[in-house]
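Just so it is clear: in the sequence shown, position 132 is 132 by the UniProt record's numbering, and no numbers are missing.
Here's the structure we're looking at; comments come further down.
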Amino acid sequence: MPTIAIIGAGPGLGLSIATRFGREGFSVGLVSRTRKNLDALVVELGSKGIEAAGYAADVTDPVALAGAVAKVTERFGPIDVLSFSPNAGGDSALAPVAVTDLTLESVRPQVDFYLGGGLAAAQQVLPAMTGRGSGTILFSTGGTSANPGMMPAFGNIAVGAGALRTYALSLHAAVADRGVYVAHVPLSVWIGHGGPETQPDTIAEHYWSIHTEREGAEHPYVALG
Numbered sequence: 001m002p003t004i005a006i007i008g009a010g011p012g013l014g015l016s017i018a019t020r021f022g023r024e025g026f027s028v029g030l031v032s033r034t035r036k037n038l039d040a041l042v043v044e045l046g047s048k049g050i051e052a053a054g055y056a057a058d059v060t061d062p063v064a065l066a067g068a069v070a071k072v073t074e075r076f077g078p079i080d081v082l083s084f085s086p087n088a089g090g091d092s093a094l095a096p097v098a099v100t101d102l103t104l105e106s107v108r109p110q111v112d113f114y115l116g117g118g119l120a121a122a123q124q125v126l127p128a129m130t131g132r133g134s135g136t137i138l139f140s141t142g143g144t145s146a147n148p149g150m151m152p153a154f155g156n157i158a159v160g161a162g163a164l165r166t167y168a169l170s171l172h173a174a175v176a177d178r179g180v181y182v183a184h185v186p187l188s189v190w191i192g193h194g195g196p197e198t199q200p201d202t203i204a205e206h207y208w209s210i211h212t213e214r215e216g217a218e219h220p221y222v223a224l225g
């Protein structure tokens with residue numbers, strides 16, 4: 001049975017991705033900061049007949065994040081798909097800062113959140129994926145990573161997410177000929193706020209298509225009304 005690990009799992013898009021892949025026979029490893037939320041997601045997925053387990057870790061703590069991903073492997077076996085889609089939530093250290101007001105101090109937390117977390121997660125699965133010649137890694141960010149001028153008020157976020165985008169596109173080029181597919185998914189959408197195209201289940205179909213079609217390094221999703 002294949003396994004997907006979802007970093008930044010929550011009751012919105014993370015749950016929908018887990019459900020979509022679970023319908024295809026995937027076991028699901030969930031990683032998030034809050035144990036209570038993880039337990040609720042595991043119960044909900046179980047009610048749908050999807051085998052899942054949750055492990056608590058903050059994406060800004062590389063050691064804890066690496067340990068959580070390792071636990072997914074211990075529980076379910078090799079990870080076939082890694083979905084990295086962290087949510088800053090209400091973390092004040094990650095609050096938006098306008099590009100005209102940026103300092104190194106205001107950018108660093110975003111770099112740790114996006115690039116640091118993405119690196120820590122990817123490093124846990126890359127050796128095994130390249131060793132067996134198969135695997136998918138999907139990195140998600142907001143739309144400012146690919147189009148930083150769209151929201152100057154989110155300057156620090158654009159820089160941090162843009163760093164992860166650069167890593168994702170570079171990694172795609174480095175491992176494509178070794179059987180591992182890496183893609184970046186910039187999401188320009190207020191998830192759950194609007195028509196069907198903004199709903200998590202609809203967006204999850206985008207992720208499933210990216211994984212199965214394995215074409216190209218970047219797959220924007222735009223639904224801003």
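Virtual Cβ for every residue (Gly too), placed ideally from N, Cα, C.
The structure displayed is predicted, hence computed values, not measured ones.
A distance below 7 Å between beta-carbons, with the five flanking residues on each side excluded, links Val107 to the following residues of its chain, in chain order: Asn156, Val159 and Gly160. Between Gly12 and Ile191, the CB-CB gap stays under 8 Å.
Cα atoms of Arg214 and Ala53: separation of roughly 27 Å, rounded to the nearest angstrom. Contact annotation, Gly118 with Tyr55: C-beta distance approximately 17 Å; criterion of less than 8 Å not satisfied. If the five residues before and after Val111 are omitted, its C-beta is found closer than 8 Å to the C-beta atoms of Val159, Gly160 and Ala163, all from its own chain and listed in chain order. When rounded, the separation of the alpha-carbon atoms in Lys48 and Ser16 is 12 Å.
Counting only runs of at least 3 residues, the stretch 48-127 fully encloses the following beta strand (DSSP E) elements, listed from N- to C-terminal order: 52-56 and 81-84.
Leu82 and Ala176 do not touch by the CB rule: their CB atoms are close to 16 Å apart, not below 8 Å.
Taking 8 Å as the cut-off, the Cβ atoms of Gly14 and Asp80 do not count as close.
Using a Cβ distance threshold of 8 Å, Phe113 and Ala95 do not count as a contacting pair. Annotation: Ile6 is outside any alpha helix (DSSP H); the continuous beta strand (DSSP E) that includes it extends over Thr3 to Ile7. Just so you know, the alpha carbons of Gly10 and Leu41 end up roughly 8 Å apart. Excluding five sequence positions before and after Ala98, the CB atoms of its chain that fall closer than 7 Å to its own CB belong to Pro152, Ala153 and Gly155, given in chain order.
The beta carbon of Glu205 sits closer than 7 Å to those of Arg20, all from its chain and outside the five residues before and after it, given in chain order.
A straight line joining the alpha-carbon of Gln123 with that of Val63 spans about 11 Å. Here Asp58 has Arg33, Ala64 and Leu65 as same chain residues with Cβ atoms under 8 Å from its own Cβ, once five neighbours each way along the sequence are excluded. In the DSSP secondary-structure assignment, His184 is bridged to Phe139 and Glu218.
Per DSSP, the unbroken beta strand (DSSP E) holding Ser27 starts and ends at Ser27 to Ser32.
Within the model, the alpha-carbon separation for Gly29 versus Leu104 is close to 34 Å.
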